Each structure stands twice: as structure tokens, then as C-alpha cells.
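Trainee:
In our numbering, the protein residues as written are 1 to 722.
(1) Three or more C-beta pairs closer than 8 Å, one from the stretch 492–510 and one from the stretch 540–558: is that the case here?
(2) Check residue 621 in the structure and name its three-state DSSP category.
(3) Quick one: what does DSSP say residue 134 is sitting in, helix, strand or coil?
(4) What residues in its chain sit with their C-beta under 8 Å from that of residue 303, if we drop five residues either side in the sequence?
(5) In the DSSP output, which residue or residues are listed as bridge partners for residue 449?
(6) For the candidate residues 561, 520, 132, 290, whose alpha-carbon lies nearest to that of residue 554?
(7) Could you pull out every residue in the same chain whose Cβ sits closer than 8 Å to the Cβ of residue 403, ignoring the five residues on either side in sequence?
(8) Say whether the stretch 555–575 touches the stretch 501–516, bearing in mind that this needs 3 or more beta-carbon pairs closer than 8 Å, one atom from each stretch.
(9) Closest to residue 616 by C-alpha separation, out of 375, 186, 87, 665, would be which residue?
(10) Just confirm the distance between the C-beta atoms of residue 285 and residue 339, as a whole number of angstroms; I'd bet it's less than 8 Å.
(11) Find out if the Cβ-Cβ distance for the pair residue 151, residue 442 is shorter than 9 Å.
(12) What is the DSSP secondary structure of residue 230, counted as helix, strand or coil?
(13) Throw me the rounded Cβ distance for the residue 247 and residue 370 pair, which I believe falls under 8 Å.
(14) What three-state label does DSSP hand residue 301 in the structure shown?
(15) Decide yes or no for the touch test of the stretch 119–126 against the stretch 405–422: beta carbon pairs closer than 8 Å, at least 3 of them.
(16) Which runs of the beta strand (DSSP E) at least 3 residues long sit entirely within the stretch 334–368? Give them in chain order.
(17) Pop quiz: residue 188 and residue 216 are said to be a contact at Cβ under 8 Å. What is the actual Cβ separation, rounded to whole angstroms?
(18) Can you list, in chain order, the residues of its chain whose CB lies under 6 Å from that of residue 566, leaving out five sequence neighbours each side?
(19) Find out if the Cβ-Cβ distance for the pair residue 149, residue 571 is shorter than 9 Å.
(20) Rank 39, 275, 663, 140 by C-alpha distance to the C-alpha of residue 210 and give the top, closest one.
(21) In three-state DSSP terms, what is residue 386?
(22) Counting Cβ pairs, one atom from each stretch, are 3 or more of them under 8 Å apart for the stretch 249–268 and the stretch 172–190?
(23) Would residue 354 be called buried (16 or more neighbouring beta carbons within 10 Å of its own) or exposed?
(24) Measuring straight from C-alpha to C-alpha, what distance separates residue 491 and residue 66?
(25) Can you give me the Cβ contacts of residue 130 inside the same chain, cut-off strictly under 7 Å, excluding the 5 residues immediately before and after it?
(26) Let me check understanding here. Comparing Cα to Cα, which of 590, 576, 143 lies closest to residue 622?
(27) Name the two residues that bound the continuous beta strand (DSSP E) containing residue 265.
(28) Can you tell me where the beta strand (DSSP E) holding residue 87 begins and where it ends?
(29) Return the chain-ordered list of same chain residues with a C-beta closer than 8 Å to the C-beta of residue 221, the five sequence neighbours on each side being excluded.
(30) Which stretch, first to last residue, makes up the beta strand (DSSP E) that contains residue 147?
(31) Among 191, 192, 206, whose alpha-carbon lies nearest the alpha-carbon of residue 198?
(32) Cβ of residue 450 within 9 Å of Cβ of residue 139?
(33) Can you tell which of 253, 289, 251, 314 has its C-alpha closest to the C-alpha of residue 277?
(34) To which residues of the same chain is residue 232 closer than 6 Å at the C-beta, ignoring the five residues directly before and after it?
(35) What three-state label does DSSP hand residue 175 in the structure shown?
As C-alpha cells, then:
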């Protein structure tokens with residue numbers, strides 16, 4: 001497929017059609033959930049997923065006010081697929097429970113998509129500019145080979161939006177009516193840009209410009225109001241589109257005073273005209289405070305307080321809380337209308353107003369970056385019925401507080417849990433059952449390379465650059481039941497030290513030689529085992545266990561996924577800052593590898609088998625020396641963390657993290673660990689450390705002697721030729 005630009009557009013029959021139940025829908029411009037392709041190629045294409053432009057979902061004749069859906073670019077299932085030189089923008093997920101996948105090329109079906117021979121490649125692609133109001137989890141690129149791609153997960157103001165032709169423009173007094181040849185997909189919440197209106201042979205300053213949509217009589221008609229009554233006969237090649245407020249880099253930001261009497265404000269300057277209006281809401285981000293966190297009073301959502309009539313690149317805003325002059329010039333990677341790609345923790349939830357509550361007041365530990373009429377995904381509230389997708393109200397809006405209005409409030413107390421967040425930006429950049437991930441750039445994502453589902457034989461991650469990423473390369477291996485609700489049931493017989501398990505024909509088999517399973521349902525058989533003599537045709541497998549036991553009743557059989565060979569080499573990892581007050585959220589980890597909730601009570605069973613971590617550079621972003629450190633050592637950044645590994649080699653890694661001597665290379669429940677030539681940037685040698693919590697006896701019994709490993713590394717280094 002060869003084209004220039006393709007825009008995803010949903011019309012009646014998709015989200016706009018009234019439905020009797022709450023939908024969960026994932027739309028794609030190309031492909032779909034069941035599309036099966038072979039030897040298919042897509043290239044040289046920009047896909048605008050147009051999440052903001054989709055019509056609102058209607059349930060029982062009531063509009064939700066937003067399209068409850070996921071909008072992605074390409075989803076192909078099959079083999080020998082290639083996607084290259086494709087740019088995907090404005091992808092998003094609003095209110096839907098489905099995970100978002102903007103760009104996918106994997107094998108058909110589950111679990112068959114873990115097959116090694118699929119040979120699907122995504123390369124030279126760009127994934128950026130997510131929807132401003134997207135919420136919750138997204139996996140951005142998924143394929144067997146991911147190469148030379150650029151991924152950027154921070155949110156920016158959507159646009160520029162396409163202009164569509166106008167069939168006719170008429171007016172009565174100050175009210176203008178526009179008619180378009182097809183659905184304009186605009187609502188009364190939108191502002192529009194009108195161009196090309198001529199009056200008397202000249203471009204009209206009255207009819208052209210930016211306006212609020214006042215009414216939408218039909219999908220092909222809209223109305224807006226002029227600043228005064230119109231005159232003359234409008235002609236010309238007229239177009240209309242949603243107004244664009246581009247995200248801009250901030251050139252300078254410092255404290256100032258304006259007005260009479262003087263008012264303390266922030267003076268913001270951009271390199272080009274900012275195109276913002278008086279009293280308009282803006283978002284400022286990226287200013288670092290004295291502790292190296294993005295919690296400066298300059299950051300947040302604010303109203304434009306004043307404009308400089310002589311300089312269109314300058315605006316002034318008044319911070320709302322705390323009400324004090326920062327007094328110094330701001331520093332950091334500062335942006336106008338750009339939102340962090342990291343999570344924002346909820347620190348308080350209350351009913352509002354207290355006497356006759358009909359709203360929720362949300363308090364955040366750091367700026368929430370949500371302005372009036374933005375939408376927000378709230379998760380892990382208490383009770384859980386409050387979780388949802390809400391529009392932010394202007395009432396009481398501050399940089400660390402905002403209000404939303406649920407359909408109803410429950411009786412009793414409301415609150416939060418330990419993992420409550422506002423911006424759950426779980427953007428996983430490069431994932432799937434990838435085999436090769438090389439020469440990619442990943443900016444502003446929560447996770448760089450991620451794998452949790454299906455056993456994989458080989459993975460090579462090399463020559464990538466990760467910037468402002470919390471976890472750069474992560475193995476977080478789950479059990480099959482948790483991932484895809486595979487409910488295996490069976491029975492077992494035990495004789496002569498061998499257990500034979502037969503899986504019921506009504507449930508999935510899908511097991512292979514060497515798999516690790518958890519057996520539960522009978523005390524004689526419960527436990528974790530590596531299986532052998534797997535016979536799919538007979539639906540049986542065996543494992544060794546001393547003695548004999550009576551035949552079992554019905555057992556539950558749960559598989560744990562494994563990775564056999566993983567190489568992570570010569571990557572540059574610039575870690576994200578630690579999220580403020582994230583006491584129940586893990587800190588940034590450079591390279592975390594391990595099982596997910598896999599117990600330590602079964603010696604010799606490992607989910608990771610052969611790991612080589614070589615020549616990686618791990619440091620805080622922007623050269624920070626101690627970004628956002630906390631007195632709790634378990635909440636500060638890690639360099640490398642290994643758990644449940646059989647053989648590990650860590651060689652030639654350069655690691656600079658806070659408290660580097662204790663948090664550079666941490667290992668838990670692993671067998672053979674070799675370290676060689678790992679150091680800080682100043683050349684100080686580094687050694688692997690045991691994790692800080694009190695280990696179990698089993699863990700202690702199977703933990704390597706790191707001192708011997710370090711001595712071996714020093715000896716080998718001394719034997720090298722000069």
C-alpha cells in the first residue's frame with residue numbers, strides 16, 4: 001500500500017450508533033483483530049488515527065461526550081509482514097478497557113503468535129503525538145523485528161488538523177452558517193479555524209479566524225458567531241477545520257510583575273508566536289525544582305493572565321497554588337502544552353462540596369497537567385465504581401487539584417488506594433514476542449522494551465537510545481492464567497517417582513517440553529515443576545517427584561512463561577525521574593529482568609535462563625546527579641535488577657544512579673552470576689548486590705558468592721594484554 005496520508009474516520013454505525021450496552025472497541029486504519037495476511041507490505045504512509053475527531057459514543061440514546069474506543073494505525077496478523085516508513089499520530093484510548101496497539105505485525109491467533117518463524121518486521125517508522133486525552137495502557141509497536149524506529153510517548157496538543165472544503169457560507173447578523181460536503185465531525189466543544197473568505201475582493205478579517213462552534217444543526221452544518229454583524233457577500237475557496245494550538249518549546253520563563261497594582265506572574269516566551277488568547281487555559285511542563293523533580297510552581301495548568309501587545313511570543317500566567325513568586329529563572333526541558341509521559345500519583349480524594357456533595361475533588365502529589373474540559377482517566381479509587389473517564393471542571397481548578405462530576409456518588413467514604421493515579425501513561429514502546437530490537441530511539445515512555453506473555457527462545461536488544469524512560473528493557477514474566485485466562489484442568493497419577501498429568505479435553509493444552517507449571521487442587525500434587533515427556537496428541541505430560549500418591553481429583557494447571565536467551569548490549573538508558581510520593585509505585589529501573597510474583601520456594605526453577613548484559617550506559621536523564629531521591633532506599637532508581645535467573649553475565653556496563661554503590665546491580669534468587677569490568681562513570685568498580693529485603697532460607701541457599709565472582713573478574717582483567 002502506497003499513499004501519503006490516511007485518516008481514521010468513524011461514522012454512524014461505529015461509535016456514533018446508539019448501543020444498548022457499554023462498548024469496548026478497537027479501530028484501525030488498516031487491518032483489524034482478525035485480519036490474516038501473508039507476505040504483505042505497507043510503506044511510505046502517514047496515518048492520522050484521529051482519536052479526538054471521532055464522534056461520541058451513544059448508549060441508550062445518551063451521548064458519553066467522547067468516543068469510547070481505541071484508535072490505532074495498523075494491526076496485521078500473519079507471516080512475512082513488513083511495515084516500514086510509516087508515521088502514526090493522534091492514536092489514543094478513551095475510556096475503553098481494551099489495551100491500545102497503534103502499530104502491530106504479529107502471527108495470527110493465540111497462543112500461536114509466539115511462533116518463531118513469523119518473520120514480521122517493523123522498521124524506519126515513527127510513533128508520536130498521542131491523543132491529548134488518551135488514558136491508560138498502550139503497547140506502541142509489536143513485531144518480531146523492530147528496527148530503526150522513533151517512538152515518542154509524551155502528549156502534545158493535537159494538530160495540525162486538516163481543513164475541509166465549505167460548500168456554502170451564509171450569515172444573518174452576527175451568526176454564520178457553514179455547510180460542508182461530508183461530516184465535519186465537530187461539536188460545540190470545539191474551536192474552529194475558518195480560512196479563505198473573501199469580501200469585496202479582499203480576505204475578510206471578520207469572517208476568517210478562530211471561533212467557538214456555537215451550534216451543530218446537522219453533521220454537515222455548523223454555526224459560529226462573529227464579533228459584530230456581517231456585511232457584504234462572502235466568496236472564495238473557503239475551508240474549515242478544528243483549531244490547532246501547537247505545542248511549543250519555551251525559550252525563556254521567569255518571574256515578572258504586570259498590571260496596576262502590580263501582580264506577580266510568570267513570563268513565558270516562545271521562539272515563534274504562541275497563538276494563545278487572554279483567559280485561555282494552557283499547560284506548562286518540564287520545569288525542574290531544587291530537588292531535580294518536575295514539581296516546580298511554574299508547572300501545571302493555568303489561565304493566560306495577560307499578553308504582550310508588542311510581542312506575540314510572550315504571555316503571562318499566574319500560578320494558582322502556591323501563590324508566591326518563584327523569583328528565579330526556570331530551568332529544564334520546558335514546553336507549552338506538552339504533558340509528561342510518566343505517572344502522576346493521587347494523594348487525596350474527597351466529596352465536594354462537603355455539605356451537599358455532587359463532585360469529586362482530586363488532589364495530586366505533583367502537577368496533574370489537566371486543564372478545563374480536558375478528560376482524565378481515574379483508576380484504583382475507592383470504591384472501584386468511581387473509576388472512570390471524566391471531563392475536568394473549571395471550578396476549583398489548581399495545579400495540584402481538580403474536580404470531576406460522576407453520574408452519582410456512593411454513600412459513605414470515598415478515597416484512594418496505594419496505586420491510584422491520574423495520568424496512567426503505561427506506554428510500552430517496543431514489545432510483543434520480539435526477537436531483534438535494534439537502533440531505535442524511545443523518548444518519554446514508561447517502558448522501553450517489554451515482554452510478559454508467552455515463552456520466548458531468543459531476544460537481542462542492542463544499540464538503542466532510551467530517554468526519559470522509567471524501565472528501559474523489562475522482562476516481567478506472567479503465568480498463563482493471568483495473561484489470557486487459560487483455565488487448564490486435569491487429573492494426575494503418581495507412581496515410582498514419576499507424575500503423569502492428563503489435561504482435560506475441554507481445556508487448552510498448549511504446553512511444550514521444559515515448561516514450568518504450577519499444580520494446585522490436591523495436597524499430594526501441589527507445587528511448581530518443570531515438565532518433560534510432553535505429548536500433545538495424548539494431552540499428557542510428566543514431571544519427577546519422589547514416591548507415589550493416590551490418583552488426584554481435578555487439578556488446576558498454570559504455566560509460567562520463560563525466556564531462554566536474552567542479550568542486552570550497548571544501549572544508552574537515560575532514566576525518567578522518580579515520581580513524587582510514589583510509595584506504592586516502583587522507582588525507575590534501568591534493566592529489570594525477572595518473574596512476576598514467582599515464588600522462591602522451588603530451588604532450580606528459573607524463568608530466565610541465559611542473560612548477557614554488556615556495554616550498557618545507565619544514568620538519570622539530563623545528567624542529574626541525584627534526581628528526586630528519597631530517604632526510603634527501595635524507592636530510589638536501580639541500575640540493573642535480576643530475579644529468577646539461571647545464568648547471568650554482566651560485563652562492561654557503566655552505571656550512575658543515586659546511591660550507586662547499593663543500587664547499581666541487584667540480584668535476587670539466581671544461580672550463576674558473573675560480573676566483569678562494570679563501573680561508575682569515574683571508573684569505580686561495581687559489584688552485584690543482594691536485594692535489601694530479608695531473603696528466605698531457600699534464596700540464601702541458592703545465592704552465588706558475589707565476592708568470588710568479583711575476584712574472578714579482577715583476575716581476568718589483570719590477565720588482559722595491554
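Cβ coordinates follow ideal geometry from the N, Cα and C atoms, glycine included. Predicted model only: the values in this text are computed from it and were never measured.
Mentor: According to the structure shown:
(1) yes
(2) helix
(3) coil
(4) 279, 280, 281, 282, 317, 318
(5) 430, 473
(6) 520
(7) 352, 359, 360, 361, 362, 392, 393, 395, 396, 397
(8) yes
(9) 665
(10) 6 Å
(11) yes
(12) coil
(13) Actually they are not in contact, since the Cβ atoms of residue 247 and residue 370 sit about 16 Å apart, beyond 8 Å.
(14) strand
(15) no
(16) 346–352, 359–364
(17) 6 Å
(18) 459, 611
(19) no
(20) 275
(21) helix
(22) no
(23) exposed
(24) 49 Å
(25) 91, 92, 153, 155
(26) 576
(27) 263–270
(28) 82–89
(29) 177, 178, 179, 180
(30) 145–147
(31) 206
(32) yes
(33) 314
(34) 199, 200
(35) strand
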